[in-house]
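Here is the structure we will look at, set down as structure tokens.
2 protein chains.
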Amino acid sequence: MQSRFFTIQNHPQGLPDQNLFNLETAALPELGDGEVRVRNTWLSVDPYMRGRMDGVTTYIEPFTLGSPLEGAAVGEVIASRDSRFAEGDRVRHMGGWRDVAQLVADQVEALPAIDVPEQAYLGVLGMPGMTAWTGLNTIAGMQAGDNVLVSAASGAVGSLVVQLAKAKGVKGGKVVGIAGSQAKLDWLESLGVTAVSYRNKDAQQLSKDLKVACPDGFDVYYENVGGDCLEAALNNLRVGARIAVCGMIARYNDDCPVAGPGNLAMILIRRARMQGFIVFDHWDQYPSFLNEVGPLVARGEIDYRETVEDGLEKTPEAFLKLFEGANQGKMLVRL
Amino acid sequence: MQSRFFTIQNHPQGLPDQNLFNLETAALPELGDGEVRVRNTWLSVDPYMRGRMDGVTTYIEPFTLGSPLEGAAVGEVIASRDSRFAEGDRVRHMGGWRDVAQLVADQVEALPAIDVPEQAYLGVLGMPGMTAWTGLNTIAGMQAGDNVLVSAASGAVGSLVVQLAKAKGVKGGKVVGIAGSQAKLDWLESLGVTAVSYRNKDAQQLSKDLKVACPDGFDVYYENVGGDCLEAALNNLRVGARIAVCGMIARYNDDCPVAGPGNLAMILIRRARMQGFIVFDHWDQYPSFLNEVGPLVARGEIDYRETVEDGLEKTPEAFLKLFEGANQGKMLVRL
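Chains as they are written, first to last, in numbering that gives the first Met the number 0: chain A, 0 to 334; chain B, 0 to 334.
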């Protein structure tokens, strides 16, 4: 059986273009003992994948040049030589960027029995959702009544952070989201989130606008962006604020180091805590997350959005759109 | 009775000079009920005082223009109208920058009964010592075996941090201190600390030298400086590192914001935690600190240094020398 998959042949500098990606075809080897073969139905593209293209180990191993790229995917088992899986099972695994994946069964998990569309396990109930929940609760220690600021607030992670924060902030805490386009801002406002645009603003102007949106300052800042958003947020911290650093997408494609915020001393002045985290370190908490957030999603109480590209060929394009801010909610490829 | 004291008449921009400070004389009012009068014997000058000269509330109220400046001091009670104090008592209080202080007794504390020179309560057993102990233990959560990096390692705070870290790091953890002059580096080496100079180096070179000093990277970074030291430290963090931000003296005299480190994303990559703290928030732990560190000092097991200027008139000069790196250990004025 043939598998079609994407590879890269070299490490990109700066923002890559579609020429980086090669669509290849190869025959799969015979299925071995303990292996399963999965026909993928949905592929995830995520900003962190950019880091894996650099050839440097950061918090995750780099992609191997010339080998199939990896990423989260869901699909249907079409052949199994492991007793835990049978043909027709719906599963999630890391063999994305391809149409058919052949994997050791230990690396495959059955989808939970919650009544949601299967692609939700790549987004709101997958890695992005778990990232939102972990950052807000475990890292930032959000408490009811906290004022919460979220950058990239309409993205796959941010859009769940703002809704979890709204749900938890029962004592009058305020939730403010930073986003770009008017459509994203309108959607945030429809969720009861105070939306602030970053468009055409320097850090100073964004600082002022955040101050207007929440004059008392923020107890929690959920950082997805870096750059001017971080600088503006630092100017609006309350004493004892906690910053969960989930990503700094503004920096992922930098060719060379770009200076950081000039007001880092606010960490000292506000006795703030800033902590980076990688969701994979906290995956043992996934059942707790699923218990809490799964029912909310099944009951339609979380408004999650998807931006969908169709066809394996569109995977690089979908990935690159992440850096243009073109997606609202989770960016997915449907096969 | 006359008191001689320093005031400032305006808020300085950048690094002030001695013209900022006015030495004034005024008659003290009659001693009221519940007040004590103290003849100061030692005055403390500390980097944080620069922030109080700016006229902006940061983590502490600004100095009032035209009123006596404040700071830690020790001295002898020469008159008391409070039952808790008698003439001859040795006390500590915040009525520094002057020769005779008249204070509400609630703001005065008797010196503990530990056999150390009284000026130790302004340094190794005072605010700087408590700052070192709090940052290392409460904020950075240092554990035995941790590799610890300290900037301004020969200063009043840093020199105690390195020694407390050495004492605690029984399982082979390494302690590295950053300092400037050869005399400071030699002194650090004599304490068993690996000393690294920052002189004539950019952040990149300092990064490399820290890597040589401790190839495995650091679990704890005790931040007194900011600027290039922070950038170099960020490049040398281990996964799960903790940064205690005690001060950023490199920034205290900046006229305008200076860009921060370009590698702040290391917080994410190393899943590090960076936390600012103000020792006054943790003062309820002072008895625990004194219990632990007091006996070490009394037995001569902590090598603490003092740089002493003589005479009230020298107080501004002593203060300004802090920003030249001219002090080794605690900077004091003896009256």
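The beta-carbon is built from N, C-alpha and C at its ideal position, and this holds for glycine as well.
*With 16 other Cβ atoms within 10 Å as the buried cut-off, status of B/K329*: buried
*On the three-state DSSP scale, how would you describe A/G328?*
strand
_If contact is defined by three or more beta carbon pairs under 8 Å, each pair taking one atom from either stretch, is the stretch 282 to 294 of chain B in contact with the stretch 302 to 319 of chain B?_
no
_Residue-chain proximity (B/V244, chain A), Cβ-Cβ < 8 Å_ = yes
*Run through the stretch 121 to 208 of chain B for me and flag every whole alpha helix (DSSP H) of 4 or more residues, listed as ranges in chain order.*
126 to 132, 157 to 167, 181 to 189
*State the DSSP-derived secondary structure class of A/F217, mapped to helix, strand or coil.*
strand
*asked:* On the CB-based measure, 16 or more other CB atoms within 10 Å of its CB, does A/R97 come out buried or exposed?
replied: buried
*Given A/N9, which residues of its chain have a CB within under 8 Å of its CB, disregarding the five upstream and five downstream residues?*
L19, L64
_Contact list for B/D283 against chain A, beta-carbon separation under 8 Å_ = Simply none; closest approach about 15 Å.
*Return helix, strand or coil for B/S66, following the three-state DSSP convention.*
coil
*Would you say B/M93 faces chain A, with C-beta separation under 8 Å as the test?*
Taking Cβ atoms only, chain A never reaches closer than 8 Å to B/M93, which makes this a no.
*asked:* Taking 8 Å as the threshold (beta carbon to beta carbon), is A/D145 in contact with chain B?
replied: Taking Cβ atoms only, chain B never reaches closer than 8 Å to A/D145, which makes this a no.
*Secondary structure at A/D309, three-state DSSP: helix, strand or coil?*
If DSSP states are grouped into helix, strand and coil, A/D309 belongs with the strands.
*asked:* Between the stretch 177 to 185 of chain A and the stretch 112 to 131 of chain A, can you find at least three pairs of beta-carbon atoms closer than 8 Å?
replied: no
*asked:* Using a Cβ-Cβ cutoff of 8 Å, what residues of the stretch 269 to 280 of chain B are near chain A? List them in chain order.
replied: R269, R270, A271, R272, M273, Q274, G275, F276, I277, D280
*Beta-carbon of B/A264 versus every beta-carbon of chain A: anything under 8 Å?*
Output row for B/A264: interface = yes.
*Taking any Cβ of chain B, which residues in the stretch 208 to 238 of chain A have a Cβ under 9 Å from it, in chain order?*
When C-beta distances to chain B are compared with 9 Å, the residues of the stretch 208 to 238 of chain A below that value are E222, G225, L229, E230, V238, in chain order.
*Going by Cα to Cα distance, which pick from B/T137, B/Y303, B/A325, B/V307 is closest to B/G275?*
B/T137
*Please determine if the stretch 261 to 268 of chain A and the stretch 187 to 194 of chain A are in contact, where contact requires at least 3 C-beta pairs separated by less than 8 Å.*
Touching, no.
_DSSP three-state label for A/M335, please._
Here chain A comprises residues numbered 0 to 334, so residue 335 of chain A is not present and cannot be evaluated.
_A/A231 - DSSP class collapsed to helix/strand/coil_ = helix
_Given this structure, state the Cα-to-Cα distance separating A/Q204 from A/V192, to the nearest angstrom._
20 Å
_Please classify A/N223 as buried or exposed, where buried requires at least 16 other C-beta atoms within 10 Å of its C-beta._
A/N223 should be labelled buried.
*asked:* Distance check for A/A143 and A/H92, CA to CA, integer angstroms please.
replied: 35 Å
*asked:* Residues of chain A with CB closer than 7 Å to the CB of B/G259, please, in chain order.
replied: A258, G259, P260, G261, L263
*asked:* DSSP three-state label for A/N21, please.
replied: strand
*Step through the CB atoms of chain B and report whether any lies within less than 8 Å of the CB of A/L135.*
no
*For B/G74, which residues from the same chain have a beta carbon less than 6 Å from its beta carbon, with the 5 sequence-adjacent residues on both sides left out?*
V37, R38, N39, T40
*What does DSSP give as the partner residues of B/I7 in its beta bridges?*
B/F20
*From the DSSP output, read off the bridge partner residues of B/S43.*
Partner(s): B/L331.
*Check whether the Cβ of A/L267 lies closer than 8 Å to any Cβ atom in chain B.*
yes
*For A/T24, does the count of other Cβ atoms within 10 angstroms reach 16, so buried, or fall short, so exposed?*
exposed
_Complete beta strand (DSSP E) runs within the stretch 78 to 112 of chain A (minimum length 3 residues, chain order)_ = 89 to 92, 99 to 103
*asked:* As a quick exercise: from A/V76, A/P11, A/P46, A/L42, pick the residue whose alpha carbon is nearest that of A/D53.
replied: A/P11
*DSSP three-state call for B/I266: helix, strand or coil?*
helix
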